[in-house]
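What follows is a set of notes on a single structure, which appears directly below.
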Amino acid sequence: MKIGIFDSGLGGLIIARAIHKRMPEYDYVYFGDTKRLPYGNKSHEAVFEFTRQAVDYLFRRQNCAIVIIACNTASARALRQIQQEYLPKNFPNKEDQRRVLGVLIPAAEEASKYKRVGVLSTYGTVASNTWEKEINKLNSQTEVFQVPAPMLVPLIEEREKKLAIPFIQKYLKPLMSKKLDALVLGCTHYPMLKKEIKNNMQIKNKQIQIISQDEIIPPKLGRYLIRHREIADRLSENGSMKILVTDKTQNLSELVKKWFGNYAVEVISDSALSS
Ligand code: DGL
């Protein structure tokens, strides 16, 4: 069985690349819902339904034992309900256990080590207030300052890094006076702009830690698989990678080629998804 990795677009691909680099032995299926991107400005209900469809597709049609929701918006809006309702209803048998993990809580664990934390994320993630809730569950002393950065996802999808700089400056401005110890890149697309965000976040005499999920998720997943042999033992190890999207975009295809080599990007039909 395989490891599924899901995002609205190429954000999750950054996480997939980092996971694949650390654990190249497993078989992976990446699924980017490029046709319905961005998720960040969609309603709670829409994000839940898209995420449920993607997870169901990865389990039933792609034979995944575990799915990583490599999208903060979906992790904030849909993960809990999928874990608490979808999984027990659809995979109740102990012999056929499946798992769904998100990317937000592992990064919240890291953020909770600091006193003053800024978070850049999508509108949907900010509206859910999940970052503040999860960080404060772990450390009630951490002060969390959230800023939505809606223009970054479309610019990243278009690979327009330069055009993103004025928006980065605009979004970071309200955080500059907050005496931050750390800044969370609270959307899996943002590590694509890590350098640009770092450069614009510099404050004299102060080192601000950038918390980026492409660095956090692979070791956490590795440790999870060591603890959960019931899942790890079901994973096949042929070192394969399959890339599926709901709409083929040139930028995603180019990135796949650059990061993974000559893997074909396959388009999946609406009917395959709407089970
Ligand atoms: N990459 C996703 C996230 O981490 C969201 C991008 C989108 O708005 O679709 O939130």
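Numbering (my numbering), first residue to last: 18 to 292.
Heads up, the beta-carbon is just placed ideally off N, CA and C, and yes, glycines get one too.
Just so you know, these numbers come straight off a predicted model, no measurement behind them.
Asked                                                                                                                                                                       : Found
From what residue to what residue does the alpha helix (DSSP H) around Asp-287 run?                                                                                         : 287 to 290
Pick out whichever of Met-18, Gly-26, Asn-216 and Ile-22 has its Cα sitting closest to the Cα of Leu-272.                                                                   : Gly-26
Quick test of the definition: if touching needs 3 or more C-beta pairs under 8 Å, does the segment 103 to 113 touch the segment 27 to 46?                                   : no
Could you tell me whether the segment 49 to 69 touches the segment 162 to 181, using the rule of 3 or more Cβ pairs below 8 Å?                                              : yes
So, are the CB atoms of Trp-148 and Val-164 less than 7 Å apart?                                                                                                            : no
Short of 7 Å in beta carbon distance, which residues of its chain neighbour Ser-229, apart from the five on each side in sequence? Order them along the chain.              : Leu-202, Pro-208 and Lys-211
Please return the same chain residues whose Cβ sits closer than 8 Å to the Cβ of Asn-268, not counting the five positions on each side in sequence.                         : Leu-27, Glu-174, Glu-175 and Arg-176
Just the C-alpha distance for Arg-9 and Glu-127, rounded to the nearest angstrom, thanks.                                                                                   : This structure gives no information on residue 9, because the portion of the chain shown stretches from 18 to 292.
To the nearest whole angstrom, what separates the beta carbons of Ser-92 and Leu-121, a pair I think is in contact under 8 Å?                                               : 4 Å
Where do the N-terminal and C-terminal ends of the alpha helix (DSSP H) with Tyr-188 fall, by residue?                                                                      : 178 to 189
Since Gly-29 contacts Ala-71 with CB under 8 Å, what's their CB separation in whole angstroms?                                                                              : Contact flag wrong, Cβ pair sits at about 10 Å.
Taking C-alpha atoms, which residue in Leu-197, Phe-23, His-37 and Leu-242 lies nearest to Arg-133?                                                                         : Leu-197
The beta strand (DSSP E) spanning Asp-231 covers which residue range?                                                                                                       : Segment 230 to 244 is the alpha helix (DSSP H) holding Asp-231; no beta strand (DSSP E) there.
Is it true that the CB of Val-64 sits closer than 7 Å to the CB of Lys-94?                                                                                                  : Going by the sequence as given, residue 94 is Arg instead of Lys. Yes, the pair counts as a contact, with Cβ atoms nearer than the cut-off.
Over what stretch of residues does the alpha helix (DSSP H) that includes Leu-75 continue unbroken?                                                                         : 61 to 77
Do Ile-260 and Tyr-74 have their C-beta atoms within less than 7 Å of each other?                                                                                           : no
Within the same chain, show all residues whose beta-carbon is closer than 8 Å to that of Phe-184, passing over the 5 residues directly before and after it, in chain order. : Ala-166, Met-168, Leu-169 and Leu-172
Take Glu-232 as the anchor and find which of Asp-250, Asn-279 and Pro-123 has the nearest alpha-carbon.                                                                     : Pro-123
My assumption, with CB atoms under 8 Å, is that Met-218 sits in contact with Leu-200. Please give the rounded CB distance.                                                  : 6 Å
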